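Protein chains in written order, with the working numbering: chain A, 1 to 257; chain B, 258 to 522.
Quick reminder that beta carbons are idealized off the backbone N, C-alpha and C, glycines included.
As the structure is a computational prediction, the values presented were derived from the model and not from experiment.
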């Protein structure tokens, strides 16, 4: 479903003499099969968001080859948009001044979703995410938790094959987090939606992800199950300590797969 | 193409409904824009209190030039003017949100915050043009050029707005650079170009084709000699100039989107 082959992305920063090239992502390769639930970890500035942006067609890679749901994200951006859903935890993709209901209607038109299908999906999603009472509220008046749920609903109205979430649980309270995790787990299990999320919350990874990828300094430092990840630092107890060690000392090589 | 128009109308309608949540500012801004631009006409009137002709053009002819330029600019600004707010979208990350939708980003930026308050300017230009036409009494053999001339003017201004937007992929911190050409171009074309120096007129004829917004076709409509002695076929070259500029704008926009770097998070 997602194929990444030797992908790199560099940025030129600074002006004139101080100009230099920063490699946000370098020589990244991995494959994600349909129906997988993958968590992507890494310290701030490791290249997680850049990777997500390349997968969704927002950024063009400077080298390598990408395929998502059968499309090259940069060349076939609008075709890809119909097959994937994208959620940014840190900012909304909804229309700030419009009530949720109107944002969803607009998305129905933009994605050409049939009215009947749309009603059924919206009904199911608002039930699951408890959004019913906020449908008439403008997005700017929603709390963070309500807004993220709104964004997730918006990202799923066209029934995408892949759902990409960039830090979806950031800033959410414990109850909202648990509800969101339950929802995502069910979505993956029942509909078979492929899910890729980035997070700093190791609870997300422990509760949801069968597979973990660790990105550090723009390349893949680890790719395997959570148990494999734990096994790389045997003397540490909690997963937090394991990941903290990996972030500070650099990750051990991936186990043979 | 039909899909793009449909998307534009859909988003425009959405923005209108969003802005209708605040009817007060909407009405005052519409009236305000009408009133501010009505002052332009006062300026023309004041000029003709002191002189009988402006570089060889009488009051009705100057109002004709003003009205055609104003209408082209106001329509271009209403439909595509927000393309020059691109740097705002880039800085806030809103452009990322546009890129994940299955429709073109140009349509989304152009229609963003579409509002009826800009109709005030359109209305004012229509009023001025109507007054000018009623006083000029142009024969149909020359007046036919007015609709295509307005249309080409809209395309030219829209292209300049788009070029200004495309420039902001490079200069995120200096969105005002393009204003010299959009708002400056609008001010320039409101008067007979013969009031300006010859070098400037050559520049706006052959470099940034502002002369084709109204000046060249107006010379035909008003049956005038070109004061700069440029060939008379240029009077019918507006569609060509508009097409070339629109093509350049489209290429620049595409190149800009491919170069887009997004924000840090």
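| Check | Outcome |
| --- | --- |
| Which runs of the beta strand (DSSP E) at least 3 residues long sit entirely within the region 311-366 of chain B? Give them in chain order. | none |
| Put residue 82 of chain A into one of helix, strand or coil per three-state DSSP. | coil |
| Looking at the secondary structure, which residues open and close the alpha helix (DSSP H) in which residue 67 of chain A lies? | Here residue 67 of chain A belongs to no alpha helix (DSSP H); instead the beta strand (DSSP E) covers 63-68. |
| Cα separation between residue 1 of chain A and residue 221 of chain A? | 21 angstroms |
| Given this structure, state the Cα-to-Cα distance separating residue 356 of chain B from residue 81 of chain A, to the nearest angstrom. | 8 angstroms |
| Need the endpoints of the alpha helix (DSSP H) that residue 248 of chain A sits in, please. | 239-249 |
| Between the Cα of residue 386 of chain B and the Cα atoms of B/374, B/339, B/324, which residue gives the shortest distance? | B/324 |
| Would you kindly work out how many angstroms separate the C-alpha atoms of residue 282 of chain B and residue 337 of chain B, rounded to a whole number? | 21 angstroms |
| Thinking C-alpha only, which one of A/9, A/146, A/111, A/194 is nearest residue 78 of chain A? | A/111 |
| What residues match up with residue 170 of chain A in a beta bridge as DSSP calls it? | Per DSSP, none; premise fails for residue 170 of chain A. |
| What residues are listed by DSSP as bridge partners for residue 216 of chain A? | A/219 |
| Name the DSSP beta bridge partners of residue 234 of chain A, please? | In the DSSP output, where bridge partners are listed per residue, residue 234 of chain A has none listed. |
| Have a look at residue 398 of chain B and residue 476 of chain B and give me their C-alpha separation to the nearest angstrom. | 14 angstroms |
| Look at residue 6 of chain A and residue 29 of chain A and say whether their C-beta atoms are less than 7 angstroms apart. | yes |
| Does residue 3 of chain A come out as helix, strand or coil in the three-state DSSP assignment? | strand |
| For residue 379 of chain B, report the span of its alpha helix (DSSP H) as first-last. | 376-393 |
| Does the count of Cβ pairs from the region 365-380 of chain B and the region 283-297 of chain B closer than 8 angstroms reach three? | yes |
| Taking beta-carbon pairs under 9 angstroms, can you tell me which members of the region 388-404 of chain B lie near chain A? | none |
| Grouping DSSP H, G and I as helix and E and B as strand, with all else coil, what is residue 17 of chain A? | helix |
| Residue 11 of chain A touches chain B at which residues, Cβ-Cβ below 9 angstroms? | 518 |
| Opposite residue 8 of chain A in the DSSP bridges: which residues? | A/63 |
| Give the range of the beta strand (DSSP E) segment to which residue 196 of chain A is assigned. | 194-198 |
| Please list, in chain order, all residues of the same chain as residue 233 of chain A whose beta carbon is under 6 angstroms from its beta carbon, the five residues on each side excluded. | 242, 245 |
| Indicate whether residue 271 of chain B and residue 106 of chain A have their beta-carbon atoms separated by less than 7 angstroms. | yes |
| Please compile the residues from chain A whose C-beta is within a distance smaller than 9 angstroms of the C-beta of residue 350 of chain B. | 88, 90, 91 |
| What residue range does the alpha helix (DSSP H) around residue 118 of chain A cover? | 115-129 |
| What would DSSP say about residue 102 of chain A, mapped onto helix, strand or coil? | helix |
| If you check the beta carbons only, do residue 411 of chain B and residue 264 of chain B fall under 7 angstroms apart? | no |
| Can you find a CB in chain A that lies within less than 7 angstroms of the CB of residue 538 of chain B? | Past the boundaries of the shown model lies residue 538 of chain B; chain B is included only from 258 to 522, so the question cannot be answered. |
| Who does residue 165 of chain A pair with in a DSSP beta bridge? | A/87, A/197 |
| So the alpha helix (DSSP H) residue 37 of chain A belongs to, where does it begin and stop? | Run containing residue 37 of chain A: none in the alpha helix (DSSP H); it sits in the beta strand (DSSP E), 37-41. |
| What does the alpha-carbon distance come out to for the pair residue 306 of chain B and residue 453 of chain B? | 21 angstroms |
| Using a beta-carbon distance below 7 angstroms, is residue 120 of chain A in contact with chain B? | no |
| What distance in whole Å lies between the Cβ atoms of residue 202 of chain A and residue 195 of chain A, which are believed to be in contact at a cut-off of 8 angstroms? | Their Cβ separation, rounded to whole angstroms, is 17 angstroms, which puts residue 195 of chain A and residue 202 of chain A out of contact at 8 angstroms. |
| Count the other C-beta atoms from every protein chain shown that fall within 10 angstroms of the C-beta of residue 456 of chain B, then say buried if there are 16 or more, exposed otherwise. | exposed |
| What do you get for residue 116 of chain A, buried or exposed, if any count of 16 or more other CB atoms within 10 angstroms of its CB means buried? | exposed |
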